[in-house]
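Some notes on the structure that comes next.
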Amino acid sequence: MIPENEGGWWIREIGLFDKDGILIAVGNCAETYKPQLQEGTGRTQTIRMILIVSSTDSVTLKVDPSVILATREYLDDAIQKHANSRHHPDATLKEKGFVILSSAVDSSSETQAATPKAVKAVYDFANAANNNANGRVPAGRQVNGKELNTDISLNAGDVGAYNKEESNQRFQLKEGIT
Numbered sequence: 180m181i182p183e184n185e186g187g188w189w190i191r192e193i194g195l196f197d198k199d200g201i202l203i204a205v206g207n208c209a210e211t212y213k214p215q216l217q218e219g220t221g222r223t224q225t226i227r228m229i230l231i232v233s234s235t236d237s238v239t240l241k242v243d244p245s246v247i248l249a250t251r252e253y254l255d256d257a258i259q260k261h262a263n264s265r266h267h268p269d270a271t272l273k274e275k276g277f278v279i280l281s282s283a284v285d286s287s288s289e290t291q292a293a294t295p296k297a298v299k300a301v302y303d304f305a306n307a308a309n310n311n312a313n314g315r316v317p318a319g320r321q322v323n324g325k326e327l328n329t330d331i332s333l334n335a336g337d338v339g340a341y342n343k344e345e346s347n348q349r350f351q352l353k354e355g356i357t
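Oh and the sequence shown: position 2 is 181 in my numbering, straight run, nothing missing.
Written as structure tokens, this is what we have:
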């Protein structure tokens with residue numbers, strides 16, 4: 180592995196050194212450029228090498244017991260076995276599990292989950308109801324003792340104004356004005 184801060188050259192050949200620094204294998208590889216970090220595209224470069232060993236006496240395998248390996252076949256079989264089983268618990272109010280999605284906005288089911296479509300429909304309905312409520316006169320409001328809970332008719336006297344007859348009695352028209 181070559182760190183990000185090293186580079187600025189092309190990689191064409193590879194070598195493998197042992198723990199004492201002795202070159203034990205060499206080979207060619209596909210040509211690739213290893214940029215430096217200051218070039219703006221620095222990256223850690225990993226090169227894999229496959230070795231063919233002629234004498235197994237010169238090889239010692241060390242297995243890390245903390246690494247767990249599984250074959251592709253084992254994983255595929257395990258996934259298929261689980262998919263074919265019926266051990267897929269349904270969700271409850273207290274336990275995780277599978278749920279059925281529903282777009283219904285009037286359901287009281289506790290075994291189905293609302294979709295974003297259902298949530299949006301309820302949100303739009305609540306928003307419209309709120310806007311409707313904001314445009315109404317609050318209950319208990321009155322004009323001159325008349326409640327505003329239905330359509331009402333107001334006379335001039337209800338709001339402290341004069342009707343035409345009272346206005347004619349109180350005011351005189353200036354001559355020349357009709």
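Ideal Cβ positions, reconstructed from N, Cα and C, are used throughout, including at glycine.
Legend entry - Segment contact flag, the segment 244–253 with the segment 219–228, C-beta cutoff 8 Å, min 3 pairs: no
Inset, instruction - Along the alpha helix (DSSP H) that carries Phe304, what are the first and last residues, could you check? - result: Pro295 to Asn313
Legend entry - Which listed residue (Leu216, Arg222 and Ile231) has its alpha carbon closest to that of Ala204: Ile231
Inset, instruction - Taking only beta-carbon positions, decide if Val322 is within less than 8 Å of chain D. - result: The chain inventory of the structure shown lacks chain D, comprising one protein chain alone.
Inset, instruction - Return the residue from the list Leu216, Ala305 and Leu195 that minimises the CA-CA distance to Phe207. - result: Note that residue 207 is Asn in the sequence shown, not Phe. For Asn207, the nearest C-alpha among the options comes from Leu195.
Inset, instruction - Rounded to whole angstroms, what's the CA-CA distance from Ala340 to Phe350? Just pull it up for me. - result: 14 Å
Legend entry - Pairwise C-alpha distance: Glu183 and Gln217: 9 Å
Inset, instruction - Could you check which residue in Asn310, Gln348 and Gly186 has the C-alpha nearest to that of Gln215? - result: Gly186
Inset, instruction - Please state whether DSSP places Arg373 in a helix, a strand or coil. - result: Residue numbering for the chain in the displayed model covers 180 to 357; residue 373 lies beyond these limits and cannot be assessed.
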